[in-house]
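Novice: Right, I'll just put the structure down here and ask away after.
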Amino acid sequence: MGEPITSVVRDGLTFDVYDEGPADAEPILLLHGFPERSTCWRHVAPLLHKAGYRTVAMDQRGYSPGARPSRRRDYRAEELLGDALALADAVGGRVHVVGHDWGAIPAWLLAAHHPERVASLTAVSVPHPAAFLAAMVRSPQLLHSWYMAAFQVPLVPERLLGSGGRIADRMVSSFGMREDDVRRFRAEIVDAGILPTALNWYRALPLAGPGLLRRKVTVPTTMVWSDQDVAVERWGPEHTDRWVDAPFRFVPLEGVSHWIPTHAPDALAEAILDRVRSA
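Counting from 1, position 26 in the sequence shown corresponds to residue 26 in full-length UniProt numbering; the numbering is continuous, with no gaps.
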């Protein structure tokens with residue numbers, strides 16, 4: 001094996017990569033969500049290393065200092081998929097993929113459109129995109145997703161979330177973040193100037209091609225969801241099996257918030273290991 005991967009370059013953008021664990025072991029790609037960076041895996045990755053796996057985590061588009069384009073069209077689903085594929089190409093061979101929150105979307109797309117590159121998929125919190133869209137009309141999901149519409153408003157979300165005042169802290173805490181999570185959000189996202197570009201993931205939603213989002217997954221898949229998640233209602237994760245033509249497992253966690261990687265790392269690592277070992 002060569003030196004650990006520290007960055008990936010795609011279309012002039014440079015993504016920071018954290019390649020850890022046994023260098024010659026099977027690789028597990030870790031894709032973070034909003035509003036977090038790769039540090040969200042800091043409790044999960046050591047458990048995977050201990051079990052004999054290598055982890056490769058990337059600070060994604062809008063987060064890495066060298067990969068923060070300002071236009072919302074640069075955050076279309078096609079671009080997110082391209083970034084995940086570039087990371088898989090840098091690692092080489094087939095990879096296990098894990099994605100939490102927004103990171104689950106490029107994970108789903110990579111597994112759906114490039115199954116030859118993916119050995120297994122573990123989606124955390126966010127279901128298959130087609131199941132999520134169906135949940136909007138078949139469950140209370142639309143009420144849970146009010147913030148997605150609010151984030152479309154220019155400048156206001158940045159000012160509210162970045163203000164550091166009591167209102168901002170209450171907003172972030174209402175999604176289940178603890179005090180230490182809020183401090184990390186302030187330091188790693190707000191103070192680092194990432195918030196405006198991170199919000200572009202939401203602002204590019206209207207530009208997503210529906211055909212890209214509806215392809216079924218044909219690799220072994222696990223869907224991990226938590227019953228205290230105020231952002232994602234149960235229907236989508238529970239019905240994601242309709243969009244997977246492969247071995248599938250739905251793992252509901254009781255008493256856990258949306259922030260599964262930091263609030264339930266042991267349970268998540270167990271679910272990931274069950275999936276990668278079975279694959």
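Where is the CB? At the ideal position from N, CA and C, for every residue including glycine.
In terms of residues, what are the limits of the beta strand (DSSP E) holding Tyr53?
Specialist: As a first step, residue 53 must be located in the sequence shown, where it is residue number 53. No beta strand (DSSP E) holds Tyr53; DSSP gives it neither H nor E.
Novice: Which residues in the same chain as Pro35 place their Cβ atom closer than 6 Å to its Cβ, once the five residues preceding and following it in sequence are excluded?
Specialist: Taking the sequence shown and counting its residues from 1, the one referred to as residue 35 is at position 35. These residues qualify, in order along the chain: Phe185, Ile189 and Ala198.
Novice: Where does the unbroken alpha helix (DSSP H) through Pro210 begin, and where does it stop?
Specialist: Along the sequence shown, one-based indexing puts residue 210 at 210. Counting along the chain, the alpha helix (DSSP H) containing Pro210 begins and ends at Pro210 to Leu213.
Novice: Taking 7 Å as the cut-off, is the CB of Gly209 close to at least one heavy atom of the ligand HEM?
Specialist: Looking at this structure, you won't find the ligand HEM or any other ligand, since it has none at all.
Novice: Starting from Phe250, follow its DSSP beta bridges and name the residues at the other end.
Specialist: The count along the sequence shown starts at 1 and reaches residue 250 at position 250. For Phe250, which the question treats as bridged, DSSP gives the partners Met223.
Novice: Between the beta-carbon of Leu213 and the beta-carbon of Ala107, is there less than 8 Å?
Specialist: In the sequence shown, residue 213 corresponds to position 213, counting from 1. In the sequence shown, residue 107 corresponds to position 107, counting from 1. Not a contact, by the Cβ cut-off of 8 Å.
Novice: If distances are taken between C-alpha atoms only, which option among Arg203, Pro252 and Pro115 comes closest to Arg234?
Specialist: Taking the sequence shown and counting its residues from 1, the one referred to as residue 234 is at position 234. Looking at the Cα atoms, Pro252 is the closest of the given residues.
Novice: Report the residue from Leu80, His114 and Tyr63 whose alpha carbon sits nearest the alpha carbon of Ile105.
Specialist: Mapped onto the sequence shown, residue 105 falls at position 105. The candidate whose alpha carbon is nearest that of Ile105 is Leu80.
Novice: Can we say the stretch 13-31 touches the stretch 75-94, given the rule of at least three CB pairs closer than 8 Å?
Specialist: Yes: the two stretches touch, three or more of their Cβ pairs being nearer than 8 Å.
Novice: Excluding five sequence neighbours on each side, which residues of the same chain lie with their C-beta closer than 6 Å to the C-beta of Ser257?
Specialist: Here the question's residue 257 lines up with position 257 in the sequence shown. Cβ within range, chain order: Gly176, Gln228 and His263.
Novice: Once DSSP output is grouped into helix, strand and coil, what is the label at Ala90?
Specialist: Stepping through the sequence shown from its first residue, residue 90 is reached at position 90. Ala90: helix per DSSP, three-state reduction.
Novice: Assign Ser278 to buried or exposed, taking buried as 16 or more other Cβ atoms, counted over all protein chains shown, within 10 Å of its Cβ.
Specialist: Reading the sequence shown from its first residue, position 278 is the one you call residue 278. Answer is exposed; the Cβ neighbour count stays below 16.
Novice: Do you know how far the Cα of Pro4 is from the Cα of Ile28?
Specialist: Against the sequence shown, residue 28 aligns to sequence position 28. Against the sequence shown, residue 4 aligns to sequence position 4. When rounded, the distance between both Cα atoms is 14 Å.
Novice: Closer than 6 Å by C-beta to Ala131: which residues in its own chain qualify, once you throw out the five before and the five after it? Chain order, please.
Specialist: Here residue 131 refers to the residue found at position 131 of the sequence shown. Here the set comprises Gly236, His239, Thr240 and Trp243.
Novice: Looking only at its own chain, which residues have a Cβ that is under 6 Å from the Cβ of His128, when we skip the five neighbours before and after it?
Specialist: One-based indexing of the sequence shown puts residue 128 at position 128. Excluding sequence neighbours, His128 sits near Trp108, Thr240 and Trp243.
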